[in-house]
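Spelled out as structure tokens, the structure:
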């Protein structure tokens, strides 16, 4: 009685296993370019938080921590400069992009240009961005005097 050829079956099983491993290694990320663009509207605090979450998925905790430092710095910076007559926001956005955000766009381009990555949906982060924006405006208006509010909203 002839034995079935198990070497072909083993090779096919190995190939399927390798394909599954490759599929499992494709990360699910938010597009860092879109994160940067949304940061124009929601501040780099938003973008830094998104990029920190991406770094965590990519299993690069030191880079995730650096992104979270940008989140904390952004909160402090914008809090101190909210009433500033100087337009510090664009400067802050550019510094954040070149010092922090650009690294992730390069990393993803270098490491996932061939395989790509699964894209996370933007619905929840955008809703969070709007909620944070309205909370910031509400808190700021509570601390502004009546004359400051009139000047700001009736120009």
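Numbering (this note's numbering), first residue to last: 15 to 169. For every residue, glycine included, the Cβ atom is placed at its ideal position computed from N, Cα and C. What you are looking at is a predicted structure, and each value in this text was computed from that prediction instead of being measured.
From residue i to residue j, what distance separates their C-alpha atoms?
i: residue 71; j: residue 49; result: 15 Å
i: residue 64; j: residue 90; result: 18 Å
i: residue 112; j: residue 130; result: 23 Å
i: residue 74; j: residue 40; result: 15 Å
i: residue 149; j: residue 104; result: 21 Å
i: residue 81; j: residue 118; result: 10 Å
i: residue 93; j: residue 139; result: 21 Å
i: residue 31; j: residue 106; result: Legend: pLDDT at residue 31 = 44, less than 50; position of this residue unreliable, value from coordinates given subsequently. Roughly 47 Å between the two C-alpha positions.
i: residue 164; j: residue 124; result: 50 Å
i: residue 141; j: residue 76; result: 27 Å
i: residue 9; j: residue 151; result: Limits of the chain in this structure are 15 at one end and 169 at the other, which puts residue 9 out of reach.
Is residue i buried or exposed, if buried means 16 or more other CB atoms sit within 10 Å of its CB?
i: residue 157; result: exposed
i: residue 122; result: buried
i: residue 68; result: buried
i: residue 145; result: exposed
Which residues in the same chain as residue i place their Cβ atom closer than 6 Å to its Cβ, once the five residues preceding and following it in sequence are excluded?
i: residue 42; result: 132 and 134
i: residue 126; result: none
Counting only the same chain and skipping the five closest in sequence on each side, list residues whose C-beta sits under 8 Å from that of residue i.
i: residue 110; result: 53, 58, 61, 62, 84 and 88
i: residue 115; result: 46, 49, 50, 53, 58, 61, 62 and 65
Would you list the residues sitting across from residue i in a DSSP beta bridge?
i: residue 42; result: 132
Report all residues from its chain with a CB closer than 7 Å to the CB of residue i; omit the five preceding and five following residues, and keep chain order.
i: residue 35; result: Low per-residue confidence applies at residue 35: pLDDT is 48, beneath 50, and the placement is therefore not dependable enough to give any value.
i: residue 102; result: 95
i: residue 78; result: 66, 69 and 70
i: residue 147; result: 56
Taking residue i and residue j to be in contact with their CB atoms under 8 Å, please state how far apart those CB atoms are, rounded to whole angstroms.
i: residue 56; j: residue 143; result: 4 Å
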